[in-house]
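Below you'll find the structure, written out as structure tokens, and then a few comments.
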Amino acid sequence: MTNAAPAVQPERMSAPARAQRRILRVLVASQILSGAGLAAGVTVGALLAQDMLGTTSLAGLPSALFTAGSALTAVAVGRISQARGRRPGLAIGYLTGAVGSAGVITAAVVDNPALLFTSLFVYGAGTATNLQARYAGADLAPAGHRARAVSTVLVATTLGGVAGPNLAAPAGTLAEHLGIPRLAGLFVISGAAYALAALVLTLWLRPDPLLLARAVAQAREADAAADPVATEAVDTGEGRGGVVLGTLVMILAQLVMVAIMTMTPVHMHDRGHSTAASGLVIGVHIGAMYLPSPLTGWLVDRYGRMRVAAASGTTLLASGSLAALAPGDSIALLALALALLGLGWNFGLVSGTAIITDTVPLATRAKTQGLVDVSIAIAGATGGMASGIMVAATSYPALALTGGALSLALLPAVAATAYRR
Numbered sequence: 002m003t004n005a006a007p008a009v010q011p012e013r014m015s016a017p018a019r020a021q022r023r024i025l026r027v028l029v030a031s032q033i034l035s036g037a038g039l040a041a042g043v044t045v046g047a048l049l050a051q052d053m054l055g056t057t058s059l060a061g062l063p064s065a066l067f068t069a070g071s072a073l074t075a076v077a078v079g080r081i082s083q084a085r086g087r088r089p090g091l092a093i094g095y096l097t098g099a100v101g102s103a104g105v106i107t108a109a110v111v112d113n114p115a116l117l118f119t120s121l122f123v124y125g126a127g128t129a130t131n132l133q134a135r136y137a138g139a140d141l142a143p144a145g146h147r148a149r150a151v152s153t154v155l156v157a158t159t160l161g162g163v164a165g166p167n168l169a170a171p172a173g174t175l176a177e178h179l180g181i182p183r184l185a186g187l188f189v190i191s192g193a194a195y196a197l198a199a200l201v202l203t204l205w206l207r208p209d210p211l212l213l214a215r216a217v218a219q220a221r222e223a224d225a226a227a228d229p230v231a232t233e234a235v236d237t238g239e240g241r242g243g244v245v246l247g248t249l250v251m252i253l254a255q256l257v258m259v260a261i262m263t264m265t266p267v268h269m270h271d272r273g274h275s276t277a278a279s280g281l282v283i284g285v286h287i288g289a290m291y292l293p294s295p296l297t298g299w300l301v302d303r304y305g306r307m308r309v310a311a312a313s314g315t316t317l318l319a320s321g322s323l324a325a326l327a328p329g330d331s332i333a334l335l336a337l338a339l340a341l342l343g344l345g346w347n348f349g350l351v352s353g354t355a356i357i358t359d360t361v362p363l364a365t366r367a368k369t370q371g372l373v374d375v376s377i378a379i380a381g382a383t384g385g386m387a388s389g390i391m392v393a394a395t396s397y398p399a400l401a402l403t404g405g406a407l408s409l410a411l412l413p414a415v416a417a418t419a420y421r422r
């Protein structure tokens with residue numbers, strides 16, 4: 002039996018590495034598709050509500066609804082993943098998002114606000130699943146490469162996320178030819194994109210990353226029991242307070258990002274800009290949310306979770322200040338402000354995700370990650386709902402400045418955690 006151990010151990014170490022490469026390729030493909038689906042609600046959801054209701058005060062409601070829907074889905078996807086693995090959890094989430102997209106199209110055709118809001122709630126499943134996929138990328142990654150694994154999954158969203166909003170004009174033309182209101186055109190694209198993402202995951206996300214990670218962990222525990230001297234210690238680096246800090250970083254980043262992003266298309270529309278111009282700015286924003294991910298992942302793994310989390314707060318402050326001070330007719334400055342908004346969110350998401358993944362054991366990882374994403378989704382829903390009310394009561398610059406100021410709350414939390422360590 003002593004002669005068999007050396008032959009088994011290399012196989013255990015190499016199989017997860019090979020599987021991780023395949024898993025990342027499949028996740029990248031699905032994220033490219035889901036990125037296009039994600040863009041529809043961001044770009045035209047508020048405009049659809051404004052057009053149906055004839056008021057700006059509830060323009061933030063669509064964002065709040067699909068973010069609230071994502072909260073419910075985050076719990077469901079987390080629990081399904083915990084019980085059956087990442088593949089069924091993610092696939093079901095994307096299929097639900099596709100159903101929501103179909104409902105939005107139907108609501109626009111029959112001019113039914115109640116159906117629109119219900120469908121936007123269901124559509125939020127795609128947003129939650131898009132974010133949950135990042136955890137699947139980190140399940141098999143070594144501790145020192147988790148942020149880079151997360152960033153690989155996130156950056157894949159860039160292609161679809163940037164292309165999606167810029168398809169607003171041609172999608173609107175296609176919708177009119179199909180007898181669908183122009184603003185609902187992007188939801189045709191989102192429904193197809195989410196359905197295809199579900200198909201890719203169902204067919205090719207094999208082996209399941211979470212289930213394989215558990216098997217590897219069990220094998221290592223068996224090795225440790227047989228030969229404690231050969232066991233390699235793993236430094237998670239953050240401690241029990243990591244769950245609280247990681248969640249707080251992502252909550253504040255999501256709250257500020259959703260609030261400012263939601264009302265930017267409405268702000269531009271009120272200043273006479275076209276839907277294409279709004280799509281361009283949102284496309285730049287979504288690109289900045291995901292495109293810097295490889296660099297962010299490297300920074301997090303190289304310089305630490307805390308420093309990048311602090312950088313998230315300062316970047317979001319710069320974004321809010323610029324958005325508030327930018328002239329309403331300056332597309333370039335608004336695009337730069339939204340790019341900084343996306344970058345600050347990216348810093349917060351990658352660093353916060355790495356902190357959570359470091360802290361939570363495999364036995365409860367998917368369920369805990371789902372609950373964390375519920376908190377993030379609730380923060381986004383709050384930001385989306387409050388943004389329309391605040392702009393109606395005050396102004397878009399006041400909203401942007403308030404968001405930037407809120408992001409500074411990250412700095413004392415990061416400092417306190419670093420001090421305790």
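According to the numbering used here, the sequence shown holds residues 2 to 422 in order. Virtual Cβ for every residue (Gly too), placed ideally from N, Cα, C.
For A129, the three-state DSSP class (helix, strand or coil):
helix
Within its chain, find whatever has a CB closer than 6 Å to the CB of A148; leave out the 5 residues flanking it on each side and keep chain order.
G298, V301, D302, V351, A355
Check whether the stretch 22-33 and the stretch 106-126 are in contact - that is, three or more C-beta pairs closer than 8 Å.
no
Close-in-space but distant-in-sequence residues of the same chain around L323 (CB under 7 Å, 5 per side omitted):
L334, L337, A338, L341
For G145, count neighbouring Cβ atoms within 10 angstroms of its own Cβ and tell me buried if that reaches 16, exposed if not.
exposed
Rounded straight-line distance, which links the Cα of L54 to that of R85:
42 Å
Segments of 4+ residues assigned as alpha helix (DSSP H) that fall wholly inside the stretch 290-320
294-304
Kindly indicate which three-state DSSP category A399 falls into: helix, strand or coil?
helix
Tell me which same chain residues have a C-beta within less than 6 Å of the C-beta of A157, skipping the five on either side of it?
V29, Q32, I33
Counting pairs of Cβ atoms below 8 Å between the stretch 91-110 and the stretch 325-334, do you hit three or more?
no
Out of L407, N131, A176, G329, which one is the CA nearest neighbour of G371?
N131
Looking at C-alpha atoms only, which residue of R207, M262, R23 is the closest neighbour of A47?
M262
Is the distance from the Cβ of A401 to the Cβ of A289 below 8 Å?
no
Stretch pair the stretch 403-415 + the stretch 172-188: three plus CB contacts closer than 8 Å:
no
Does the beta-carbon distance from Q255 to I357 come in below 8 Å?
no
On the DSSP letters alone, give me the boundaries of the alpha helix (DSSP H) that I106 sits inside.
87-111
In this structure, does DSSP put L409 in helix, strand or coil?
coil
With a 10 Å radius around its C-beta and 16 neighbouring C-beta atoms as the bar for buried, classify V230 as buried or exposed.
Its pLDDT being 48, under 50, V230 is placed unreliably in this model, and the value from its coordinates should be taken loosely. By the neighbour-count rule (16 or more Cβ atoms within 10 Å), V230 is not buried but exposed.
Could you give the distance in angstroms between the alpha-carbon of E233 and the alpha-carbon of A220?
Since pLDDT at E233 reaches only 41, below the 50 mark, its modelled position is unreliable, and the value read off the structure follows with that caveat. Using only the alpha carbons, I get a separation of about 13 Å.
For A223, three-class secondary structure by DSSP
helix
Output needed for V151: all residues of its chain with C-beta closer than 7 Å, excluding positions within five of it in sequence on either side, in chain order.
R135, G138, A139, G298, V351, T354, A355
What residue from G321, I81, R87 has the CA that sits closest to L202's CA?
R87
Beta-carbon proximity of G90 to S82, cut-off 8 Å
yes
Could you check the C-alpha separation between A72 and M307 for me, to the nearest Å?
26 Å
Which of the three DSSP states, helix, strand or coil, is assigned to R23?
helix
By the DSSP assignment, the alpha helix (DSSP H) with A387 in it spans what residues?
366-394
Expected contact under 8 Å - CB spacing of V257 and V361 to nearest Å:
Contact doesn't hold; Cβ gap of about 25 Å is too wide.
Assuming T68 contacts G125 (C-beta within less than 8 Å), just tell me the rounded distance between them.
6 Å
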